[in-house]
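Student: Whatever position you read off the sequence shown (first residue = 1), add 3 for our numbering. Ideal Cβ placement from N, Cα and C applies to all residues, glycine included. Please read all numbers here as calculations on a predicted model, not as lab measurements.
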Amino acid sequence: MKNVTFESNNQTLAGNLYLPDDYQQGTKLPGVIVTGAWTTVKEQMPATYAEEMADRGYAVLTFDFRNWGKSEGNERQLENPTNKTEDIIAAANYLTTLPEVDASRIAGLGICASAGYMVDAAVQSDEIQAIALVAPWLHNQEIVNQVYGGEESVQKLIETSRQAEAKYETTGKLSLIPAASTTDENALMYQAPYYTEENRGMIPEYVNEFNLAS
């Protein structure tokens, strides 16, 4: 695995490129972009899938979305579907420039929330030829209302987001809450496995915060 960087919307994104252990210089491999669930960084579940895909003969790119991990962005920990979709497209464009990658054979693997972002990116990008989705969080208004307690609760969440966004625009201050917790009921994900387990998602690279402007 080697560290790489590429640009998306004039911001530098940090990525990791995985190649098979027996990779031979000059060989062009099919490329795969792997993206993780909301609030995650590239060293979490994306790395697990990337290592497996590289073992199977692919050149695999994981990366931190803007405002997350080691990538640039001032509005940290912001879950923005439009931005994340743009970043996936930028990742696909970057893969086409690498000598290790067959530019005509690029696929995307989206996990959980980023499954939807991956679908949107594939629709918009001519570079992404195929996609696979793992535990996809694909939703419409009806599903959102069911998951988040009904239409009134959803509207309250939207209003909270707008207030946090207005606060950032006027003061430059972020409105942050814990992303995951086993003790704080106000966390985005209360009693959530994976994110709160040190041998899985609670790794040093993970900043356990969520921006309410999301």
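Helix, strand or coil: which one does DSSP assign to I91?
Tutor: As a working note, residue 91 is residue 88 in the sequence shown. Looking at I91 - three-state DSSP - the assignment turns out to be helix.
Student: Under the criterion of a Cβ to heavy atom distance below 7 Å, does T173 qualify as lining the ligand PLP?
Tutor: Absence of the ligand PLP is noted for the structure shown, with no ligands found whatsoever.
Student: Could you tell me the boundaries of the alpha helix (DSSP H) in which E162 lies?
Tutor: Reading the sequence shown from its first residue, position 159 is the one you call residue 162. Unbroken alpha helix (DSSP H) run through E162: 154–174.
Student: When we look at the beta-carbon of G76 and count the other beta-carbons within 10 Å, is it buried (16 or more) or exposed?
Tutor: Locating residue 76 in the sequence shown gives position 73, where the first residue counts as 1. Flag for G76 reads buried.
Student: Could you tell me which uninterrupted beta strand (DSSP E) segments, each at least 3 residues in length, are contained entirely in the stretch 99–137, listed from first to last along the chain?
Tutor: 104–114, 131–137
Student: I'd like to confirm the pairing. Which residues does DSSP put opposite G76 in its beta bridges?
Tutor: The count along the sequence shown starts at 1 and reaches residue 76 at position 73. Under DSSP, no beta-bridge partner is assigned to G76.
Student: From D25 to W140, what distance separates their C-alpha atoms?
Tutor: Along the sequence shown, one-based indexing puts residue 25 at 22. Along the sequence shown, one-based indexing puts residue 140 at 137. So the two alpha carbons sit approximately 35 Å from each other.
Student: According to DSSP, is Q144 part of a helix, a strand, or is it coil?
Tutor: The residue given as residue 144 occupies position 141 in the sequence shown. DSSP places Q144 in helix when its eight states are reduced to three.
Student: Mind checking R59: buried by the 16 CB within 10 Å criterion, or exposed?
Tutor: Against the sequence shown, residue 59 aligns to sequence position 56. R59 should be labelled exposed.
Student: Hey, how far is the Cα of W41 from the Cα of A183?
Tutor: As a working mapping, residue 41 is identified with position 38 in the sequence shown. As a working mapping, residue 183 is identified with position 180 in the sequence shown. The alpha-carbon atoms of W41 and A183 are separated by roughly 11 Å.
Student: Count the other CB atoms within 10 Å of the CB of S217; is the residue buried (16 or more) or exposed (fewer)?
Tutor: The count along the sequence shown starts at 1 and reaches residue 217 at position 214. Classification for S217: buried.
Student: Which whole-angstrom value describes the C-beta separation of V157 and N148, a residue pair presumed to lie in contact below a C-beta threshold of 8 Å?
Tutor: Against the sequence shown, residue 157 aligns to sequence position 154. Against the sequence shown, residue 148 aligns to sequence position 145. Confirmed, about 6 Å.
Student: To the nearest angstrom, how far is the alpha carbon of G119 from that of T174?
Tutor: Residue numbering aside, residue 119 sits at position 116 when the sequence shown is read from its first letter. Residue numbering aside, residue 174 sits at position 171 when the sequence shown is read from its first letter. In a straight line, the C-alpha of G119 is about 32 Å away from that of T174.
Student: Threshold first: 4 residues or longer. Then list the alpha helix (DSSP H) segments lying entirely within the stretch 21–71, N to C.
Tutor: 48–58
Student: Among residues of its own chain, excluding the 5 on either side of E10, which ones have a beta-carbon nearer than 6 Å to its beta-carbon?
Tutor: For the purposes of this step, residue 10 is taken as the residue at position 7 of the sequence shown. Taken in chain order, the list of residues that qualify is empty.
Student: Locate the beta strand (DSSP E) running through P181, then write down its first and last residues.
Tutor: Sequence index remark: in the sequence shown, residue 181 carries index 178 (1-based). Element bounds for P181: 179–181.
Student: Compare the Cα-Cα distances from E78 to each of T185, S178, F66, P207 and report the closest residue.
Tutor: In the sequence shown, the residue the question calls residue 78 occupies position 75. For the residues T185, S178, F66, P207, the minimum Cα distance to E78 belongs to S178.
Student: Of the choices S74, T51, P23, whose alpha-carbon is the least far from that of T15?
Tutor: Indexing the sequence shown from 1 puts residue 15 at position 12. Of S74, T51, P23, the residue nearest in Cα terms is S74.
Student: Whole angstroms are fine: how far does the CA of P102 sit from the CA of R19?
Tutor: Looking up residue 19 in the sequence shown gives position 16. Looking up residue 102 in the sequence shown gives position 99. With the sequence shown as reference, residue 19 is identified as Asn, and Arg is not the correct amino acid for it. Rounded to the nearest angstrom, the two C-alpha atoms are 15 Å apart.
Student: Can you tell me where the beta strand (DSSP E) holding N214 begins and where it ends?
Tutor: Within the sequence shown, the letter at position 211 stands for residue 214. Run containing N214: 212–214, per the beta strand (DSSP E) assignment.
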